[in-house]
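Novice: Here's a structure for you.
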Amino acid sequence: MNPRIWHIATNTFREAVRDRVLYNLIAFALLMSGAAVLVGQISIGIERLVVINLGLTAVSLFGIVIAIFIGIGLVSKEIEKRTLYTVLSRPVRRWEFVAGKFFGLSGTLIVNTFFMAIGVFVALLYVSHSFKHADAGILVALYFIILQFLIITALALLFSSFSSPLLSAIFAFALFLIGTFAEDLRGFARLTHGIARWLATGAAYLVPNFSALNVISQVAHDNPVSRQLIAYNTVYALAYTVAVLSATAMIFERRNLK
Amino acid sequence: MHAIEILGLEKTYNIGFWRKRPKRALHPLNLAIEDGEIFGFLGPNGAGKTTTLKMLMGLVFPSAGSARILGMDLHDPRMKAQIGFLPEQPYFYDYLTARELLRYYGQLSGVDSRQLSSKVEEVLEKVGLRDSMNVQLRKFSKGMLQRAGIAQAILHDPKVVFLDEPMSGLDPMGRREVRTLIEELKRDGKTVFFSTHILSDAEALCDRVAVINLGQLRGVGAVADLTSGVKGKVEIVWQGSAVPAAIKSSGAETHIAGETTRAVIPEQDQDAAIDALRRERLRLISVTPVRASLEDYFMAQLKPSAEEVVPR
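As you go down the protein sequences, you meet chains A and B in turn.
Each residue of the first sequence is one higher than the last, beginning at 0 in numbering that gives the first Met the number 0.
Each residue of the second sequence is one higher than the last, beginning at 0 in numbering that gives the first Met the number 0.
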């Protein structure tokens, strides 16, 4: 990796750690241990299903909230506090700054997800007393969750490069919600005609397809995830992330830092 | 080759939400700063000093014109590795310690990793922060932050240093230390371009100054030339608090401080005043011609020109 991007990324990671972002793990641990004990008592026969569903949904939501709330401040906070001035007056290109910020926050989310995943597996072991082969599907679901984080982090950065933190948060959350129903939106587009069909199809394919990246329920029911879907989602998420980051860099390259 | 060459640099912002209207922050600016000089960029608040510096740093894009630093384009990374910048009222990553902050900036500037630790400690020593290098910046006072700011600007041994209001927020001791640092930079052969509205600092430090107001350059010159003009008055200082009638009648401005009295009188009344002091047996301490100060020059440049005065 380009050393300047690496240094900006590690500094972003350090900021997240020192601002106690990883403290969310305590809340997550409490949630998982509480859920494991409660589920063991009230849901006979479906403990595994409930723990996987609850655990992975919590991993996803905790990460999305962190990605949005930190992501929206990654650029705007640096401009507002003028910390950016002493960075960009060095031999650092603006796109390198954007890439460094992206990798820093993505790294934070991956580390966070790693620890939360351990929590999910411990809770699962507590209710099932053993692991089975189908549990490997949880790793695929976690991988897809990380792909979602990459997209949402890139989107938060994009909004942060031209908008206020409040508006950025609203835009990012709205896109996350719409993207969760992307498949429904595509189905709706197929039912329309004429110019409305063009518009609806355009909008449906423009928003991130988070529904394809959500296999939590499938995994909880022990249904395997196809290799084709893994490959498709990987290519889709990386291409979408790169496109959004490129747009962010292009906007940021032209911005006057008043 | 000039260290800094500004050719018709200009900035106009479009302000307003719906109906955008242009607002000129900087009229075409032409300046050339020589290698190794300390250049003061003077002007009141809102004059266009920071806008100019931001354009030179590549933070704001000029509407027209261009500039070159060390003969290179403003966005050339090779040039950026050779300049240092202290922004006005700097704010740094407050979760870092001073040492971590400087290591980070050193890495971004491409300082050799084998020399980084020693360079960081050397610079922290220079700005008087060695004892606080492991303290997080959120616990720093304003003056300490300013020193950290100067440290990051000089850490990578730049050839040209840009300082935006480097004395702002510093106590008299801090100001003196920063003045000494700037003088050291000059001794090391660096070019220093600094903006300020504290004229005594500029007068004490600068080889040349430029005065800017309302986005327009009002004058440029060597400090020695600008302050060499005699104003046709002399300052007489004597021991004692008595003021002879001859001096009073000349319309002198007198100031008594303890056991000494100072009077500023027209040059032609000088001999009569000295005779009067002898007659009254008052001990004469000094007679000095009053020279124009940088402040006089600055104030004269800020006066609106005839075409700027809008008739009512």
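Ideal Cβ placement from N, Cα and C applies to all residues, glycine included.
Can you name the residues of chain D whose CB is closer than 8 Å to the CB of residue 57/B?
Specialist: Annotation note: the requested chain D is absent from the structure, which comprises protein chains A and B.
Novice: What is the DSSP secondary structure of residue 292/B, counted as helix, strand or coil?
Specialist: Residue state, collapsed to three classes: coil.
Novice: Taking the straight line between their C-alpha atoms, what separation do you get for residue 183/A and residue 38/A?
Specialist: Cα to Cα, the separation comes out at about 32 Å.
Novice: Count the other C-beta atoms from every protein chain shown that fall within 10 angstroms of the C-beta of residue 247/A, then say buried if there are 16 or more, exposed otherwise.
Specialist: Its Cβ being crowded by 16 or more others within 10 Å, residue 247/A is buried.
Novice: Find out if the Cβ-Cβ distance for the pair residue 122/A, residue 210/A is shorter than 8 Å.
Specialist: Cβ atoms of residue 122/A and residue 210/A: not closer than 8 Å.
Novice: At least one CB of chain A closer than 8 Å to the CB of residue 108/B: is that the case?
Specialist: Chain A contact via Cβ: present.
Novice: Measuring only the C-alpha atoms, how far is residue 110/A from residue 137/A?
Specialist: Approximately 17 Å, taken between the alpha carbons.
Novice: On the premise that residue 144/A lies in contact with residue 67/A, defined as a C-beta separation below 8 Å, what is that separation, rounded to the nearest angstrom?
Specialist: So it is not a contact: roughly 15 Å between Cβ atoms.
Novice: Between which two residues does the alpha helix (DSSP H) carrying residue 245/B extend?
Specialist: Residue 245/B -> alpha helix (DSSP H) spans 244–248.
Novice: So, is residue 298/B buried or exposed, given that buried needs 16 or more other C-beta atoms within 10 angstroms?
Specialist: Flag for residue 298/B reads exposed.
Novice: So, helix, strand or coil for residue 25/B, using DSSP?
Specialist: Residue 25/B falls in the strand class under three-state DSSP.
Novice: Closer than 9 Å by beta-carbon distance: list the chain A residues that pair up with residue 31/B, in chain order.
Specialist: Ordered by position in chain A, no residue passes the 9 Å Cβ test against residue 31/B, which lies about 21 Å from the chain.
Novice: Counting only C-beta atoms, is residue 53/B closer than 8 Å to chain A at any point?
Specialist: Answer yes: the Cβ-Cβ gap between residue 53/B and chain A drops below 8 Å somewhere.
Novice: Which chain A residues are close to residue 89/B, counting only those with a beta carbon under 9 Å from its beta carbon?
Specialist: 81, 82, 84, 85, listed in chain order.
Novice: Given that residue 256/A touches chain B, what residues does it touch there, using C-beta distances under 8 Å?
Specialist: By Cβ distance, chain B contributes 53, 58, 59.
Novice: Chain A beta carbons: is any one of them nearer than 8 Å to that of residue 84/B?
Specialist: Chain A, which has a Cβ nearer than 8 Å to the Cβ of residue 84/B, makes this yes.
Novice: Does residue 310/B come out as helix, strand or coil in the three-state DSSP assignment?
Specialist: Below a pLDDT of 50, predicted positions are generally treated as unreliable, and residue 310/B, at 49, falls in that range; the measurement from the model is reported next regardless. Residue state, collapsed to three classes: coil.
Novice: Under 8 Å, do residue 103/B and residue 1/A count as touching if we go by C-beta distance?
Specialist: No; because the gap between Cβ atoms is not below 8 Å, this pair is not in contact.
Novice: Work out the CA separation of residue 170/B and residue 97/B for me, nearest whole Å.
Specialist: Straight-line Cα distance between these residues: approximately 20 Å.
Novice: Using the Cα positions of residue 223/B and residue 118/B, report the straight-line distance between them to the nearest angstrom.
Specialist: Each residue's Cα considered, the two are about 36 Å apart.
Novice: Could you tell me whether the segment 60–71 of chain B touches the segment 7–27 of chain B, where touching means 3 or more Cβ pairs closer than 8 Å?
Specialist: The segment 60–71 of chain B vs the segment 7–27 of chain B: in contact.
Novice: Tell me the rounded alpha-carbon separation between residue 132/A and residue 54/A.
Specialist: Roughly 18 Å between the two C-alpha positions.
Novice: Using only the alpha-carbon positions, how far apart do residue 178/A and residue 167/A sit?
Specialist: Computed Cα separation, rounded: 16 Å.
Novice: Beta-carbon of residue 311/B versus every beta-carbon of chain A: anything under 8 Å?
Specialist: Note that residue 311/B has pLDDT 46, beneath the 50 cutoff, so the model's placement of it is unreliable and the number below is only indicative. Residue 311/B does not count as touching chain A.
Novice: State yes or no: is the beta carbon of residue 126/B nearer than 8 Å to at least one beta carbon in chain A?
Specialist: For residue 126/B, the answer is no, since every Cβ of chain A falls outside 8 Å of its Cβ.
Novice: Output needed in chain order: residues of the segment 1–34 of chain A with a Cβ under 8 Å from some Cβ in chain B.
Specialist: So the list reads 2, 3, 6, 7, 10, 13, 14, 17, 18, given in the order they occur along the chain.
Novice: Take residue 210/B as the anchor and find which of 194/B, 52/B, 236/B, 250/B has the nearest alpha-carbon.
Specialist: Cα-wise, what sits closest to residue 210/B is 194/B.
Novice: Mind checking if residue 91/A is an interface residue toward chain B, Cβ cutoff 8 Å exclusive?
Specialist: It does: the Cβ of residue 91/A has a partner Cβ on chain B nearer than 8 Å.
Novice: For residue 95/A, count the other beta carbons within 10 Å of its own beta carbon; 16 or more makes it buried, fewer makes it exposed. Which is it?
Specialist: Buried is the call here.
Novice: On a Cα-Cα basis, can you pick out the residue from 63/A, 24/A, 230/A, 34/A that is closest to residue 153/A?
Specialist: When each option's Cα is compared against that of residue 153/A, the closest is 63/A.
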